[in-house]
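Participant: This is the structure, below, for whatever I ask next.
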Amino acid sequence: MEKDGDGGDGLRHHAIRLPLTVAAMEGSGSEITSNGGPSVSLRQKASSLMASSAAAYRSKPASFWALLALSGGAMLTAFPAASLLSRLYYNGGGQSKWILSWSAVAGWPIPALLLLPCYLFTDASPTWPPSPWLCFWYALLGLLSAADNLMYAWAYAYLPASTASLVAASSLAFSAVFGRLIVGKKNRIGLSTLNAIVVITAGVVIIALDSGSDRYPGITGRQYALGFALDVAGSALHGLIFALSELVFDKYLSNGSGDGAAATRFHVVLEQQAAVSLSAFAFTSAGLAATDGFAAMRREAAGFSAAGGGKAGYAMVMGWSAATFQLGVLGATGVVYLGSTVLAGVLNAVRVPLTSVAAVVWFHDPMSGFKILSLVITVWGFGSYMVGHSSAKKTSGGSSQ
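Reminder that position 74 of the sequence shown reads as 156 in the working numbering, one-by-one numbering, no gaps.
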């Protein structure tokens, strides 16, 4: 860890650096091509990759990689589940965008409860009292999160879950741009990132051009367009929230020093998530009360038809929506803390094929040829980013993009 370069007392959080440098091939182990250049065999490349990966793993404690794996796993499982539950809410008769938005932040006690064992059984101490600036950032991130949830609620009201997830892949582009502009050099936009942005954006455009093939009955063209636009806007806001969260970690929630600092001070992720979700819950509850949403909950529960139907089915969908969304956001915040905004954006894009395939299987979403092409392009864009990112590591000696 190192101190901020501007003289502040904050300490920078961990950036993931994976040195994948391929050792120079010398002697008889190298082949000579017809133009005189060395040719590295696949076995040599694999051996070098395994050696560099092992070195990267040993460079940080096991607790760091365990927390990163848990955070990434939470994103890749909880976010798709939350997306499918949003669609299930509408399929079961739910109609209020405010109610669905409220359920997304109603799980704010989850990170707060997880903090208790951290304080009781570890050396972690609360960040208390929070500075006025930290309280401001918590309130701002809460407001942005509330707006983001509302945009996605509108999107899922008018778009199939598979389509909404494909459009949401554009968050990678916004994460890369906002990460570079707000956080700085840790989120470099190299050629691989730029290529992924262009390719994934092309996939979103294909979905827009094929808007007539997957529209649900009763959804007008204007409603579909509104859902599409709000899905893109929500993805942009998602990327901005990632970048601002990383900025807060950098400036106000220092994570100590040493290789294990990020793991030993992981409780600041829970603190931030609890505070931001509580702020978003307050904003959303105010909007829900202003639109008579609490009374609407009782009416919707009485006529709900999904998950067994009735009040029990309604409560189950709302409860699981709150839990899965909160775990997904908590995982994303952990990835931002341990890695970077761009890494969180990449994992957010990875969940696209998972959500799309699950929506086709469970909800029998229409899967047109254009949507399949968009899915392939999205996966291709992610793959090109990863390959290019690894190549950049080889030449830069592990500098983070």
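Glycine included, each C-beta is placed from N, C-alpha and C at the ideal position.
1) Using a Cβ distance threshold of 8 Å, determine whether the stretch 348-367 contacts the stretch 404-423, with at least three qualifying pairs required.
2) Please list, in chain order, all residues of the same chain as ALA106 whose beta carbon is under 8 Å from its beta carbon, the five residues on each side excluded.
3) If you check the beta carbons only, do ALA243 and SER165 fall under 8 Å apart?
4) On the premise that LEU152 lies in contact with THR352, defined as a C-beta separation below 8 Å, what is that separation, rounded to the nearest angstrom?
5) Could you check whether THR406 and ALA258 sit closer than 8 Å to each other, using their CB atoms as the reference points?
6) Within this structure, are the beta carbons of LYS403 and SER253 separated by less than 8 Å?
7) In chain order, what residues of the same chain lie with their CB nearer than 8 Å to the CB of ILE289, ignoring the 5 residues before and after it?
8) Measure from the alpha carbon of LEU436 to the alpha carbon of each residue in ALA251, LEU409 and ASP296, then state which is nearest.
9) Provide the residue span of the alpha helix (DSSP H) that contains GLY224, from first to last.
10) What would DSSP say about TRP462, mapped onto helix, strand or coil?
11) Is it right to say ALA372 is buried, meaning 16 or more other beta carbons lie within 10 angstroms of its own, or is it exposed?
12) Report, in whole angstroms, the separation of the C-beta atoms of GLY375 and TRP180, which I expect to be a contact under 8 Å.
13) For GLY176 and LEU182, which I take to be in contact (beta-carbon distance under 8 Å), what is that distance rounded to the nearest angstrom?
14) Measure the C-alpha to C-alpha separation of HIS446 and GLY369 and round it to an integer number of angstroms.
15) Work out the CA separation of ARG125 and PRO448 for me, nearest whole Å.
16) Can the beta-carbon of THR366 be found closer than 8 Å to that of ALA228?
17) In terms of residues, what are the limits of the alpha helix (DSSP H) holding VAL443?
18) State the Cα-Cα distance for the pair ASN269 and ALA144, rounded to the nearest angstrom.
19) Smallest Cα separation from ALA194: which of LEU409, TYR419 and CYS217?
20) Grab me the residues of ARG297's own chain with a C-beta within less than 7 Å of its C-beta, minus the 5 sequence neighbours each way, in chain order.
21) Starting from GLY375, follow the alpha helix (DSSP H) in both directions and report where the run begins and ends.
22) My guess is that LEU170 and ALA388 are in contact by the Cβ rule of under 8 Å, so how many angstroms apart are they, rounded?
23) Could you pull the start and end residues of the alpha helix (DSSP H) that ILE192 belongs to?
Facilitator: On the basis of the data shown:
1) yes
2) Only weak support exists for where ALA106 lies, its pLDDT of 40 falling under 50; the value from the coordinates is given anyway. If we look at ALA106 and ignore the five residues flanking it on each side, it has no Cβ neighbours.
3) yes
4) Note on identity: in this sequence residue 352 is Leu, with Thr being the wrong assignment. That belief does not hold up - the Cβ atoms of LEU352 and LEU152 are roughly 13 Å apart, past 8 Å.
5) no
6) First, the amino acid is wrong: residue 403 is Ser here, not Lys. Their beta carbons are not under 8 Å apart, which means SER403 does not touch SER253 by this criterion.
7) THR245, LEU248, VAL249, PHE310, PHE452, LYS453 and SER456
8) ALA251
9) 214-240
10) helix
11) exposed
12) 5 Å
13) 7 Å
14) 33 Å
15) 44 Å
16) yes
17) 423-445
18) 24 Å
19) LEU409
20) TYR306
21) 375-384
22) 5 Å
23) 191-203
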